[in-house]
Amino acid sequence: MLDSQSIHLKALDSADLHHLQAVLNVICREAGKPLRAPDMQEIAALLIRLYRHGVTDEEKLLSVGRLASAQTAPSPVTAGAAGRKKNGRPLKPA
Numbered sequence: 001m002l003d004s005q006s007i008h009l010k011a012l013d014s015a016d017l018h019h020l021q022a023v024l025n026v027i028c029r030e031a032g033k034p035l036r037a038p039d040m041q042e043i044a045a046l047l048i049r050l051y052r053h054g055v056t057d058e059e060k061l062l063s064v065g066r067l068a069s070a071q072t073a074p075s076p077v078t079a080g081a082a083g084r085k086k087n088g089r090p091l092k093p094a
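Structure follows, in structure tokens:
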């Protein structure tokens with residue numbers, strides 16, 4: 001069953017998609033990730049949902065996209081620990 005909000009979602013036309021693509025391109029470039037990266041695809045879906053609910057301001061979309069990108073990026077501590085054993089020594093390459 002559809003709720004009352006889903007009935008009023010904005011359908012996207014080619015101009016809307018072009019606008020969203022431009023926003024996503026900026027986020028991908030700033031994050032240093034390709035458009036096809038799974039986390040960038042999730043951000044694309046988020047931006048589309050927001051846009052369909054009426055959030056069309058480029059700066060707002062960029063802010064949300066940047067925040068989402070920062071939350072999915074590994075922290076320096078996590079990234080550094082990824083290649084280490086519990087004792088802190090680097091793992092030997094296989």
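For the sequence shown, this note's numbering gives the first residue as 1, with consecutive numbering after it.
A virtual CB, placed ideally from N, CA and C, is assigned to each residue, including glycine.
None of the values given here were measured: they were computed from a predicted structure.
*Using the beta-carbon count (16 or more within 10 Å), is L9 buried or exposed?*
The count along the sequence shown starts at 1 and reaches residue 9 at position 9. Under the 10 Å beta carbon count, L9 is surrounded by fewer than 16 other beta carbons and is classified as exposed.
_Rounded to whole angstroms, what is the Cα-Cα separation between L50 and T56?_
Locating residue 50 in the sequence shown gives position 50, where the first residue counts as 1. Locating residue 56 in the sequence shown gives position 56, where the first residue counts as 1. When rounded, the distance between both Cα atoms is 8 Å.
Since V64 is in the alpha helix (DSSP H), which residue starts that stretch and which ends it? Mapped onto the sequence shown, residue 64 falls at position 64. That run of the alpha helix (DSSP H) goes 58 to 72.
How far does the alpha helix (DSSP H) with R49 in it reach, from first residue to last? Looking up residue 49 in the sequence shown gives position 49. Segment 38 to 52, the alpha helix (DSSP H) holding R49.
query = Taking the alpha carbon of A70 as the point to measure from, which residue in A31, L35, V23 has its own alpha carbon closest?
reply = In the sequence shown, counting from the first residue as 1, residue 70 sits at position 70. Selection A31, L35, V23 evaluated against A70 yields A31 as nearest (Cα-Cα).
Original post:
With 16 other CB atoms within 10 Å as the buried threshold, where does G54 fall?
Top reply: Against the sequence shown, residue 54 aligns to sequence position 54. With fewer than 16 other Cβ atoms within 10 Å, it is exposed.
Query raised in the report: Short check: CB of I27 to CB of L67, under 8 Å?
Result: As a working mapping, residue 27 is identified with position 27 in the sequence shown. As a working mapping, residue 67 is identified with position 67 in the sequence shown. Using a Cβ distance threshold of 8 Å, I27 and L67 do not count as a contacting pair.
Original post:
If you draw a straight line from the alpha carbon of L35 to that of D13, how long is it in whole angstroms?
Top reply: Here the question's residue 35 lines up with position 35 in the sequence shown. Here the question's residue 13 lines up with position 13 in the sequence shown. Their backbone Cα atoms lie some 20 Å apart in a straight line.
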